[in-house]
């Protein structure tokens, strides 16, 4: 498995898997770095190449390995059908293949059969009498089209903190997010910020202990899904139909609005052509609170 060093934890403990860390800002930077990476990977003597990214860097690497006569399969992203889903007029609103199924197709292209990517079954965390309901909240997203207003999420945290049944953990990364979450931690009781305090491995253990994760269409949705934690996700410019919904998550746990303009983006990185981000602004805190209370009342 060739990936960024910070992701190595996600692949630990897997039989017959070796992790090859790649730093594209250091040793493997630029075209010369890709040539060096090709040489270093060649020393592992691969017989097949599965390109699960299909971007410029992997095109170059695939070109090198092609001349070694290796069997190569690569990800088909479905750009045309995603364009039909997100275009301004005459949208084709239908569920597209999940990214997991697209990855599965890559391995099938290499001749692997009976691949089971069905995912984990979610098992409710056993709680002792009087023990808190543990809720994770990740109030940030990379792009504006996916970011629910921070002040809305703070209202959710404020209300939940008044209910002594709940213990709340905040997740985020980067100095700005850490500062904001630390301030929220200090402001409300029963709230703890995990930002900047733990390694990825330790954060995964916290995520695994949660009864519910609240996030947007973000990395934390996928990390919580990875460890088998139920996620209630908030969607704006993007849509679960594009295939990026959390692995094995219940579709009913997505909070979203039916607007004629949605979805307008696959990744949430396009400007709102209406200018008001109604898809996010019109999801009010009470809607999210009601969903959280509904999901945790089943515990």
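Residue numbers (the numbering used here): 122 to 420.
Heads up, the beta-carbon is just placed ideally off N, CA and C, and yes, glycines get one too.
Remember, predicted model here, so these are calculated numbers, not experimental data.
Buried or exposed: residue i, going by 16 or more other Cβ atoms within 10 Å of its Cβ?
i, result
"residue 362", "buried"
"residue 194", "buried"
"residue 421", "One cannot answer for residue 421 here, as it falls past the ends of the chain, which runs 122 to 420."
"residue 320", "exposed"
"residue 126", "exposed"
"residue 332", "buried"
"residue 271", "exposed"
"residue 177", "exposed"
"residue 338", "buried"
"residue 151", "exposed"
"residue 145", "exposed"
"residue 165", "exposed"
"residue 186", "buried"
"residue 367", "buried"
"residue 383", "buried"
"residue 431", "Only positions 122 to 420 of the chain appear in this structure, which leaves residue 431 out of reach."
"residue 401", "buried"
"residue 416", "buried"
"residue 296", "exposed"
Kindly list the residues whose CB is nearer than 7 Å to the CB of residue i, restricted to its own chain and excluding five residues on each side of it in sequence; keep chain order.
i, result
"residue 253", "286, 287 and 288"
"residue 202", "217"
"residue 132", "122, 138 and 140"
"residue 312", "278, 282, 289, 291, 305 and 306"
"residue 213", "205 and 206"
"residue 403", "378"
"residue 315", "290, 291, 292, 324 and 327"
"residue 317", "299"
"residue 302", "291, 293, 314 and 316"
"residue 220", "364 and 365"
"residue 155", "149, 178, 181 and 182"
With H, G and I counted as helix, E and B as strand and the rest as coil, what does DSSP make of residue i?
i, result
"residue 418", "coil"
"residue 254", "strand"
"residue 345", "helix"
"residue 143", "coil"
"residue 236", "coil"
"residue 411", "helix"
"residue 277", "helix"
"residue 228", "helix"
"residue 65", "The question about residue 65 has no answer, for the chain in this structure spans 122 to 420."
"residue 327", "helix"
"residue 122", "coil"
"residue 322", "helix"
"residue 336", "strand"
"residue 292", "coil"
"residue 392", "coil"
"residue 161", "helix"
"residue 451", "Here the chain comprises residues numbered 122 to 420, so residue 451 is not present and cannot be evaluated."
"residue 386", "coil"
"residue 133", "coil"
"residue 287", "strand"
"residue 304", "helix"
"residue 272", "helix"
Can you list, in chain order, the residues of its chain whose CB lies under 6 Å from that of residue i, leaving out five sequence neighbours each side?
i, result
"residue 341", "259 and 292"
"residue 191", "170"
"residue 261", "293 and 298"
"residue 329", "348"
"residue 345", "328, 334 and 352"
"residue 162", "none"
Note down, in chain order, each residue of its chain lying with its Cβ closer than 8 Å to the Cβ of residue i, except the 5 sequence neighbours on either side.
i, result
"residue 143", "123, 124, 125, 126, 149 and 158"
"residue 405", "273"
"residue 199", "217, 218, 223 and 364"
"residue 371", "351"
"residue 480", "Nothing about residue 480 can be reported from this structure: the residues present for the chain run from 122 to 420 only."
* To do: Take every Cβ of the stretch 343-360, pair it with every Cβ of the stretch 378-391, and state whether three or more of those distances are shorter than 8 Å.
  => yes
* May I have a chain-ordered list of the alpha helix (DSSP H) segments no shorter than 4 residues that lie completely inside the stretch 181-221? => 200-207
* Asked: With a cut-off of 8 Å, do at least 3 Cβ pairs link the stretch 391-404 to the stretch 262-270?
  -> yes
* Are at least three pairs of beta-carbons, each pair with one atom in the stretch 225-235 and one in the stretch 166-173, less than 8 Å apart? -> yes
* Asked: Three or more C-beta pairs closer than 8 Å, one from the stretch 362-376 and one from the stretch 403-418: is that the case here?
  -> yes
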